[in-house]
Structures are given as structure tokens and as C-alpha cells.
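Visitor:
Written out as C-alpha cells, the structure is:
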């Protein structure tokens, strides 16, 4: 934590924020809520071990800075990245709100593990956040490719509200059904990168799929979700999927 004034704000906050996020606490000695909030902010910064820095600005002694940043009430807390305000709040806050503020500003351990993307990192990310789809789905894909379908299903079962997770789980269930061997070419096409052929084959199988229709639909929806709403193939496939189902 450093005390910053108008003379060194450019260097200590704006320039420094190009290297690490800088949180600025605009406060005053007479402000009781400032004194209550200050220790919460300091603990949050200390817990993040150099991933974020804290600067304190006394608004009484630095009125030009207060005017520049529109400070009308204190405590006022602003987070800077690359010289710009990227997040802020005004007034005293409970500890949980302060922690959320910093969590959104500074990547968590899980964020770094997901970015690494290797199996060990993904396993650790899933341990920390079992419901995190961007960790669980790629890990389940690794396990699925290795033939560990049951383990993959166990991981995917902890992820609610993810089309990608639901789609992969549905594929694993379909591959385990001896009456659905005809879907093999569709899955092989998807794996080879021929998404159009894979989707076409899956959608074409729906009219005669009987009890497998819902899982086939889930696989298709999962692929479409990965393509994104603006993808031309996704738009056309949604139309064909709706026609096949209804």
C-alpha cells in the first residue's frame, strides 16, 4: 500500500496499471466508513500476493484528483488497468462484496489452471470448482478420448446449465449403447473437424432414433453452442434440427 498524491498519480497508478491492476482508495481522515473499509481492502490485496496493488488518495489533500475522477462521496474505490478505470464502487461494503470486487479484477487460481489446459491443471481446477464448465468439459474430453467414459460422465455430472457438458455426456451415453453403432461415422466426422458432415449425420438420424432422440439432440445442441449463434452452419443446423424434431 502506498499513499499517492497529484504529483505521482501518473507514475504510481496510471503507468503502473499497465503491469498490474492498481486499486485506488479515495478517502479522508474524518471519514468513519473509510476507516472501516480500509482494512478490508488491505486484507484483500495482501491475500492476492502481488497480483494487485493498492494506492490511497486523501481527497482533502488532492482535490484536483478527486474532481478529475468525479469523487462525490467517500469511500470511493476505483480499479485501474492500462491507465483506465475498469471497476469501481462507492461507500462502505461488507467483506464478501470486497472479495467479489477483487475476484473479478484478479484472475483466480482456477483461471490460471484453465488457461494452462493440461490434464493435471484441469484436474486441479475441477477440484477447486467442480461446476466450472470450462475446466470440466476439456478434462472430460481428455478422459473420453482415452476411453474413460465413466470417469468423464462423473465430472460432467457436476456441471449444471452447460450445453457443451450435456452434449458430451449424451455422446458418451450413446456410444455405450449397442443399438446406436450407426452414429459412429457422425462422431468420427466431428472428431476429424468435419463439423458439417457430423451435424448432418446426427440430424438425419433423429427420425428413426426412437429412445435415443433426446441424447442425439443434446449432442447437436452442444456442438451448435460451441459454434456460436452467429455461425452460418449453426444457423442452418438449428433450422434443420427444429424440422427434424417437430
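Numbering (my numbering), first residue to last: 541 to 786. Just so you know, even glycine gets a beta-carbon here, dropped at the ideal spot from N, CA and C. If you're wondering where the values come from, they're calculated on a predicted model, not measured in any experiment.
Run through the DSSP bridge pairs and tell me what residue 731 is partnered with.
Guide: Within the chain shown, residue 731 is the residue found at index 191, counting from 1. Paired residue(s): none; residue 731 is not in a bridge.
Visitor: Helix or strand or just coil, what does DSSP make of residue 611?
Guide: Along the chain shown, read from residue 1 onward, the residue named residue 611 stands at position 71. Three-state result, residue 611: coil.
Visitor: Excluding the 5 residues flanking residue 626 on each side, which residues of the same chain have their C-beta closer than 6 angstroms to its C-beta?
Guide: Working through the chain shown from its first residue, we reach residue 626 at position 86. These residues qualify, in order along the chain: 619.
Visitor: Locate the alpha helix (DSSP H) running through residue 645, then write down its first and last residues.
Guide: Along the chain shown, read from residue 1 onward, the residue named residue 645 stands at position 105. Element bounds for residue 645: 635-645.
Visitor: Does DSSP put residue 600 in a helix, a strand or coil?
Guide: The residue you call residue 600 lines up with position 60 of the chain shown. It is coil, neither helix nor strand.
Visitor: Which first and last residues belong to the alpha helix (DSSP H) in which residue 765 is found?
Guide: Residue numbering aside, residue 765 sits at position 225 when the chain shown is read from its first letter. 753-767 is the extent of the alpha helix (DSSP H) around residue 765.
Visitor: What span of residues does the beta strand (DSSP E) with residue 565 cover, start to end?
Guide: Sequence index remark: in the chain shown, residue 565 carries index 25 (1-based). Residues 562-567.
Visitor: Would the stretch 703-710 count as touching the stretch 741-750 if we require 3 or more Cβ pairs under 8 angstroms?
Guide: The stretch 703-710, when compared against the stretch 741-750, does not touch it at the 8 angstroms Cβ threshold.
Visitor: Could you say which of 696, 670, 668, 669 lies nearest to residue 681 if we only look at CA atoms?
Guide: Walking along the chain shown from the start, residue 681 turns up at place 141. When each option's Cα is compared against that of residue 681, the closest is 696.
Visitor: Is the stretch 593-606 touching the stretch 559-578 in the sense that three or more CB pairs, one from each, lie closer than 8 angstroms?
Guide: Counting Cβ pairs under 8 angstroms, three or more are found: they touch.
Visitor: Tell me whether the stretch 714-724 and the stretch 750-761 touch, counting them as touching only if at least three CB pairs, one residue from each stretch, are closer than 8 angstroms.
Guide: The stretch 714-724 vs the stretch 750-761: in contact.
Visitor: To the nearest angstrom, how far is the alpha carbon of residue 770 from that of residue 548?
Guide: In the chain shown, residue 770 corresponds to position 230, counting from 1. In the chain shown, residue 548 corresponds to position 8, counting from 1. Each residue's alpha carbon lies about 47 angstroms from the other.
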